[in-house]
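Peer 1: Residue numbers (the working numbering): 3 to 111.
Note that the Cβ used here is the ideal one computed from N, Cα and C, for glycine as well.
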């Protein structure tokens, strides 16, 4: 697919695609796989630990996952916006976590 067609199909300015194509640092495979928006606060590996914890315990509550996320981030010294008074991750983080990991089963409160 050429730049002109790609710019029309994906609604991206042609000049933006030209700049990316000319850049020597651009890895096209990585560019295609990358996601828009902010990166999650916890790394992929840490989130996988949370997923594994949930599956080993037959499902967890939202509060358990939010507490565990806070504890993990504190333990390894990550900079995070989580609530330090309640010592839990936020509800926005939890919603995003559920979207990233739909395979996790959550119990009611």
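#1: Considering only their Cβ atoms, is the gap separating residue 72 from residue 53 smaller than 8 Å?
#2: Within a Cβ cutoff of 6 Å, which residues of the same chain sit near residue 103, ignoring the five residues on either side of it in sequence?
#3: When DSSP labels each residue in this structure, what does residue 14 get in the three-state scheme?
#4: Could you check whether residue 75 and residue 82 sit closer than 8 Å to each other, using their CB atoms as the reference points?
#5: Let me see if you follow: with CB-CB separation under 8 Å, is residue 43 close to chain C or not?
#6: For residue 108, write down the residues that DSSP places opposite it in a beta bridge.
#7: Could you tell me the alpha carbon to alpha carbon distance between residue 107 and residue 41, rounded to whole angstroms?
#8: For residue 96, I'd like the list of residues in its chain whose CB is within less than 6 Å of its CB, leaving aside the five on either flank, ordered along the chain.
#9: Could you give the residue range of the alpha helix (DSSP H) that holds residue 96?
#10: Suppose you measure from the CA of residue 66 to the CA of residue 110; what does that come to, to the nearest Å?
#11: Bridge partners for residue 85 per DSSP, in chain order?
Peer 2: Quick answer:
#1: Locating residue 53 in the chain shown gives position 51, where the first residue counts as 1. Locating residue 72 in the chain shown gives position 70, where the first residue counts as 1. It is not a contact, given that the beta carbons lie outside the stated cut-off.
#2: Translated into positions along the chain shown, residue 103 becomes position 101. Around residue 103: 53.
#3: Here residue 14 corresponds to residue number 12 of the chain shown, with the count starting at 1. Residue 14 falls in the coil class under three-state DSSP.
#4: Position 80 of the chain shown, counting from 1, holds the residue named residue 82. Position 73 of the chain shown, counting from 1, holds the residue named residue 75. A contact, by the Cβ cut-off of 8 Å.
#5: Absence of chain C from the displayed structure is noted, only one protein chain being present.
#6: Counted from its first residue, the chain shown places residue 108 at position 106. The partner list for residue 108 (beta bridge, DSSP) reads 62.
#7: Stepping through the chain shown from its first residue, residue 107 is reached at position 105. Stepping through the chain shown from its first residue, residue 41 is reached at position 39. One C-alpha to the other measures close to 23 Å.
#8: Reading the chain shown from its first residue, position 94 is the one you call residue 96. Taken in chain order, the residues that qualify are 64 and 68.
#9: The residue given as residue 96 occupies position 94 in the chain shown. 93–102 is the span of the alpha helix (DSSP H), which, as asked, contains residue 96.
#10: If you number the chain shown from 1, residue 66 lands on position 64. If you number the chain shown from 1, residue 110 lands on position 108. Computed Cα separation, rounded: 11 Å.
#11: The count along the chain shown starts at 1 and reaches residue 85 at position 83. Answer is 90, bridged to residue 85.
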